[in-house]
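Q:
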Amino acid sequence: DVGTPVALVTGGGTGIGAATTRRLAADGWRVAITGRRTGPIDAVAREVDGLAIRADQSLAEDCERAVAATLEAHGRLDALVANAGVETMGAFDEVDHDDWVNVMRVNVDGVLLSARAAAPALRATGGSIVVVSSVAGLTSGAHYAAYVTSKTAVLGLVRSMAVDLGADGVRVNAICPGWVATEMSDREVEDLAAALDTSIDDARHRLVEHLPLTRMGEPSEIAAAIAFLAGRDASFVTGTTLVADGGGGAVDVGTLAFKDLPK
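So the numbering used here is basically just the index in the sequence shown, starting at one, shifted up by 2.
1) Let me know the secondary structure DSSP gives residue 187 once reduced to three states.
2) Below 7 Å CB to CB, which residues in the same chain sit around residue 129 once its five sequence neighbours on both sides are set aside?
3) Taking 7 Å as the line, does the beta carbon of residue 104 fall inside it for any heavy atom of the ligand ZN?
4) Would residue 76 be called buried (16 or more neighbouring beta carbons within 10 Å of its own) or exposed?
5) Within 10 angstroms of its Cβ, does residue 165 collect 16 or more other Cβ (buried), or is it exposed?
6) With distances taken between CB atoms, is the gap from residue 125 to residue 60 smaller than 8 Å?
7) One question on the structure: do residue 52 and residue 33 come within less than 8 Å of each other, judged by their Cβ atoms?
8) With 16 other CB atoms within 10 Å as the buried threshold, where does residue 18 fall?
9) Below 8 Å between beta carbons: does that hold for residue 205 and residue 213?
10) Of the residues 13, 184 and 30, which one's Cα is nearest the Cα of residue 68?
11) I'd like to check one pair, residue 244 with residue 202: are the Cβ atoms closer than 8 Å?
12) At a cut of 8 Å, does the stretch 132-142 reach the stretch 151-161 through at least three beta carbon pairs?
13) Give, in chain order, every unbroken run of the alpha helix (DSSP H) that is at least 4 residues long and sits entirely within the stretch 91-134.
14) Cα separation between residue 56 and residue 8?
15) Less than 8 Å separating the beta-carbons of residue 179 and residue 219?
16) Counting only beta-carbon atoms, is residue 124 nearer than 8 Å to chain B?
17) Name the residue from 99, 127 and 211 whose alpha carbon lies nearest to the alpha carbon of residue 233.
18) One question on the structure: do residue 182 and residue 221 come within less than 8 Å of each other, judged by their Cβ atoms?
19) Answer with buried or exposed for residue 115, where buried requires no fewer than 16 other C-beta atoms within 10 angstroms of its C-beta.
20) Here's the rule I'm using: 16 or more other beta-carbon atoms within 10 Å means buried, otherwise exposed. How should residue 185 be labelled?
21) Let's see if you can read the secondary structure: which residues bound the beta strand (DSSP E) around residue 38?
22) What residue range is occupied by the uninterrupted beta strand (DSSP E) comprising residue 243?
23) Suppose you measure from the CA of residue 46 to the CA of residue 24; what does that come to, to the nearest Å?
24) Suppose contacts are defined by Cβ-Cβ distances below 8 Å. Is residue 239 in contact with residue 175 by that definition?
25) Which complete alpha helix (DSSP H) runs does the stretch 204-257 hold, if anything under 4 residues is left out?
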């Protein structure tokens, strides 16, 4: 079917989700977005002439309602971008268990429930699912047990869904962003600056100084990668993970001590 493609973006009101909504709309998609706060999703929806749906990705009934509203408005669904997520800090033996459960509920159950709700409509169009994971799904930082576990789990879920949906012509892929300049990362930079009693600029420099590109990514850069995975240009790409981390995964951390030695 060659009609105008339609995407549903969870967590589409801020950060990577909002940037993805704007990119898909610019590429000619109709876009519906969900979020738990009406203000941000309403603002982005007005900007792109999209559909805002207040919904919690971790609730099956909300996921089903979001898909139904998208189909009612546009008659089809070609891509699900499962972007909504939360994080909490704490090592494995100190993270509050209620916080642990909430991170798993939103970051893992939420992807599963969104995909289940969207699958029938995606089968009808031969559509795609893009799951926003993180480099935390591939590596780990200190005191990050719940988030790391959740983002690792969804990579397994992506592979499983790709296998299960492949015969129906539905592709499923993940993207693993590194440091990206979003509201969430801004809060982390501020926390680091306060903990080190240093400036915001110095804290941000400390976070990216060992990346080959020596900077944070922009949400629009991640959105461009998501748009590729969601669209027909990636028609033979499924079950894979695209890493967009400024080259961090290429760095051998054991050699950083030699970085500033004379050449």
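The beta carbon of each residue, even a glycine, is placed where N, CA and C say it ideally should be.
A: Checking against the coordinates, here is how it stands:
1) Reduced to three states, the DSSP call for residue 187 is helix.
2) Within the same chain, and ignoring the five residues on either side of residue 129 in sequence, the residues whose Cβ sits closer than 7 Å to its Cβ are 79, 80, 81 and 172.
3) Among the ligands in the structure shown, none appear at all, so the ligand ZN cannot be discussed.
4) With 16 or more other Cβ atoms within 10 Å, it is buried.
5) If you draw a 10 Å sphere on the C-beta of residue 165, you find fewer than 16 other C-beta atoms in it, and that means exposed.
6) It is not a contact, given that the beta carbons lie outside the stated cut-off.
7) Yes; because the gap between Cβ atoms is below 8 Å, this pair is in contact.
8) That one is buried.
9) Taking 8 Å as the cut-off, the Cβ atoms of residue 205 and residue 213 do not count as close.
10) Per the Cα distances, 13.
11) Residue 202 is not a Cβ neighbour of residue 244, given a cutoff of 8 Å.
12) The stretch 132-142 makes contact with the stretch 151-161, as at least three CB pairs between them are under 8 Å.
13) Listed in chain order, the complete alpha helix (DSSP H) runs (minimum 4 residues) inside the stretch 91-134 are 99-106 and 112-127.
14) So the two alpha carbons sit approximately 18 Å from each other.
15) Residue 219 is positioned such that its CB atom lies closer than 8 Å to that of residue 179.
16) Absence of chain B from the displayed structure is noted, only one protein chain being present.
17) That would be 127, whose Cα lies nearest to the Cα of residue 233.
18) Yes; because the gap between Cβ atoms is below 8 Å, this pair is in contact.
19) Under this definition residue 115 is a buried residue.
20) Its Cβ having fewer than 16 others within 10 Å, residue 185 is exposed.
21) No beta strand (DSSP E) contains residue 38, which DSSP labels as neither H nor E.
22) Boundaries of the beta strand (DSSP E) around residue 243: 243-246.
23) Rounded to the nearest angstrom, the two C-alpha atoms are 8 Å apart.
24) Against a cut-off of 8 Å, the Cβ pair of residue 175 and residue 239 comes out as a contact.
25) Contiguous alpha helix (DSSP H) elements confined to the stretch 204-257 occur at 221-232, taking only those with 4 or more residues.
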